[in-house]
Amino acid sequence: MFDIQVNGAFGVDFNDDALTLDAFQFACSKLRATGIGLFFPTIITAPVESMGARIGKIVSFIEQDSTLDSLVAGLHIEGPFISRQSGYRGTHPEHAILDAQLDVAKRLLDFGRGRIRMLTLAPETDHQFKTTEYLTIQNVVVFGGHSDATFDCLSQAIEHGLKGFTHLGNGCALEVQRHENIISRVLALRKKLFVSLIADGIHLPYWLLRSFVEIIGAEKVIITSDSMSAAGMPPGEYLISGQPIVVDADRRTRHRDHNYLAGSASTLQEMRYRSDHWLPPNFAHVDLLFMRNATNLFNLT
Ligand SMILES: [Zn+2]
46 MFDIQVNGAF GVDFNDDALT LDAFQFACSK LRATGIGLFF PTIITAPVES
96 MGARIGKIVS FIEQDSTLDS LVAGLHIEGP FISRQSGYRG THPEHAILDA
146 QLDVAKRLLD FGRGRIRMLT LAPETDHQFK TTEYLTIQNV VVFGGHSDAT
196 FDCLSQAIEH GLKGFTHLGN GCALEVQRHE NIISRVLALR KKLFVSLIAD
246 GIHLPYWLLR SFVEIIGAEK VIITSDSMSA AGMPPGEYLI SGQPIVVDAD
296 RRTRHRDHNY LAGSASTLQE MRYRSDHWLP PNFAHVDLLF MRNATNLFNL
346 T
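Residue 46 is where the sequence shown starts when you use the numbering used here, and the numbers rise one by one after that.
Below, the structure written as structure tokens:
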């Protein structure tokens, strides 16, 4: 399986400033044991220097261990160019959110030394889509996400290189306009976008997950865990990027101080095991959702 969004797992937070090589190797070996063949560690919104230090550290880990190099297919950067609006920003820290800026994007890529393969941004923050266009030329796959982009904005972003939309149905306000909302717009553009979905039954109810798979089509859906450090661990309190996240007995994750979901506490393997709860009957394309759509998109076949 190929997981394009992993913030942490097995008690290890990839956004921890104190992340060690030992801890990263431990999480990677556990992920491999759950059937992960490729994945993207994911660095989320923080002050740019902090994001850069975290990116640089993980890249240095990969560079010094060929086992990691074969497993970590690149990095996914989620932020800092996301919506500031409450709900859309989720648990990303508001103070560190930026409008898309070419010079910041270039700095992040420099920290990544060629290993950043994916970046999620809100297209409405990207003036004239210059950052989307630049990243695309640099071989970084750009997804929309944590965004309330209009239909026209999304359509234009696609013309400038936007390839997909991150965890549809999450990173979204709890209440939206009944016709005009980010979910309906992405669904209307589904033929031109890959769509990642979190299949833990909590971020999306199973019946909605099934509907999304049926509507979007097997060739365009990528299932991701979007897991945080609690994946593969018992309920309790965990940290993601220094923020306290409570994991309930039913695997629901929430910020200790408010109720936003904060990454999943499930591994991709658990999502696959439970896939008969949410895949359409006699669905014959499980490998597309868990592996091949992503390997094709990132030219890893
Ligand atoms: Zn997110």
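Ideal Cβ placement from N, Cα and C applies to all residues, glycine included.
**Message:** With a threshold of 7 Å (Cβ to nearest heavy atom), would H191 be considered close to ligand 1?
**Reply:** Look at H191: its beta carbon is less than 7 Å from one of the heavy atoms in ligand 1.
Quiz item: What separation, rounded to the nearest whole angstrom, lies between the Cα atoms of A263 and H330?
Solution: One Cα belongs to A263, the other to H330, and the distance between them is close to 6 Å.
Per DSSP, which residues does H121 bridge with? Please list them.
The partner list for H121 (beta bridge, DSSP) reads T87 and M163.
| said: Measuring straight from C-alpha to C-alpha, what distance separates F210 and Q109? | reply: C-alpha separation (whole angstroms): 32 Å.
On the DSSP bridge list, what partners appear for Q288? Answer is I285.
Practice problem: If I'm right that A310 touches A276 with Cβ under 8 Å, what's the distance once you round it to whole angstroms? | Solution: By a beta-carbon distance limit of 8 Å, A310 contacts A276. Their separation comes to about 5 Å.
- Pairing CB atoms from the segment 169–179 with CB atoms from the segment 192–204, are three or more of them under 8 Å? Verdict: yes, contact present.
* To do: My understanding is that F85 touches Q130, with C-beta atoms under 8 Å, so please give their C-beta distance in whole angstroms.
  => Actually they do not touch by this definition, with Cβ atoms about 26 Å apart.
### Message
Within the continuous alpha helix (DSSP H) that includes L242, where are the two ends?
### Response
Run containing L242: none in the alpha helix (DSSP H); it sits in the beta strand (DSSP E), F239 to I243.
(request) Report buried or exposed for R74, applying the criterion of at least 16 other Cβ atoms within 10 angstroms of its Cβ. (result) The identity of residue 74 in the sequence shown is Ser, whereas the question assumes Arg. Counting Cβ neighbours within 10 Å, S74 comes out exposed, since fewer than 16 surround it.
How is F156 classed by DSSP in three states: helix, strand or coil?
Helix.
Cβ distance (whole Å) where D48 is taken to contact T269 below 8 Å:
About 6 Å separates the Cβ atoms of D48 and T269, confirming a contact at the 8 Å cut-off.
- When you compare only the Cα positions, how much space is there between S320 and V186? Spanning the two alpha carbons is a distance of roughly 27 Å.
Quick check on A54: does DSSP put it in helix, strand or coil? It is a strand residue.
message = In the DSSP output, which residue or residues are listed as bridge partners for S309?
response = According to DSSP, S309 shares a beta bridge with S272.
Margin query: Below 8 Å, how does it come out for the segment 114–130 and the segment 87–106: are there three or more Cβ pairs, yes or no?
Written below: Contact holds: three or more Cβ-Cβ distances are below 8 Å.
- Which residues mark the beginning and the end of the alpha helix (DSSP H) in which T181 is found? Counted as a single uninterrupted DSSP element, the alpha helix (DSSP H) harbouring T181 occupies residues K175 to I182.
Subject >> Counted within 10 angstroms of its Cβ, other Cβ atoms place G157 as buried (16 or more) or exposed >> reply: With 16 or more neighbouring CB atoms inside 10 Å of its own CB, G157 falls in the buried class.
task = Please determine, among K236, M336 and F328, the residue with the shortest C-alpha to C-alpha distance to R255.
result = Minimum Cα distance to R255 is reached at F328.
Review point. Closest by CA to T346, which one among A118, V104 and L64?
Key: Closest option to T346, Cα to Cα, is A118.
Out of M278, I285 and G216, which one is the CA nearest neighbour of D293? For the options M278, I285 and G216, the alpha carbon positioned closest to that of D293 is the one of M278.
task: Using 7 Å as the cut-off, classify the Cβ of E123 as near or not near the heavy atoms of ligand 1, replying yes or no.
output: Look at E123: its beta carbon is less than 7 Å from one of the heavy atoms in ligand 1.
If we call anything under 8 Å between Cβ atoms a contact, is S95 one with D62?
In this structure, S95 lies near D62, with their beta-carbon atoms less than 8 Å apart.
Q.
On the DSSP letters alone, give me the boundaries of the beta strand (DSSP E) that R77 sits inside.
A. Here R77 belongs to no beta strand (DSSP E); instead the alpha helix (DSSP H) covers L66 to A78.
- Please name the residue, chosen from G82, K102 and V240, that lies closest to A68 on a Cα-to-Cα basis. Nearest of G82, K102 and V240 to A68, Cα basis: K102.
(message) Just to confirm the assignment, what range does the alpha helix (DSSP H) spanning G101 have?
(response) For G101, the uninterrupted alpha helix (DSSP H) run begins and ends at V93 to E108, by DSSP.
Note to self: Between G216 and ligand 1, is there a pair consisting of the residue's CB and a ligand heavy atom that are separated by less than 7 Å?
What the structure shows: At least one heavy atom of ligand 1 is nearer than 7 Å to the Cβ of G216, so yes.
### C-alpha gap between T65 and E139, whole angstroms
Those two C-alpha atoms are separated by around 27 Å.
Quiz item: When the Cα of L147 is compared with those of T298, F59, R301 and L180, which residue comes out closest?
Solution: Checking every option, the nearest Cα to that of L147 belongs to L180.
Which partner residues does F188 have in the DSSP bridge list? Answer is T165 and G209.
With H, G and I counted as helix, E and B as strand and the rest as coil, what does DSSP make of H300? Secondary structure of H300 (DSSP, three-state): strand.
What residue range is occupied by the uninterrupted alpha helix (DSSP H) comprising D114? Note, D114: alpha helix (DSSP H), S111 to L116.
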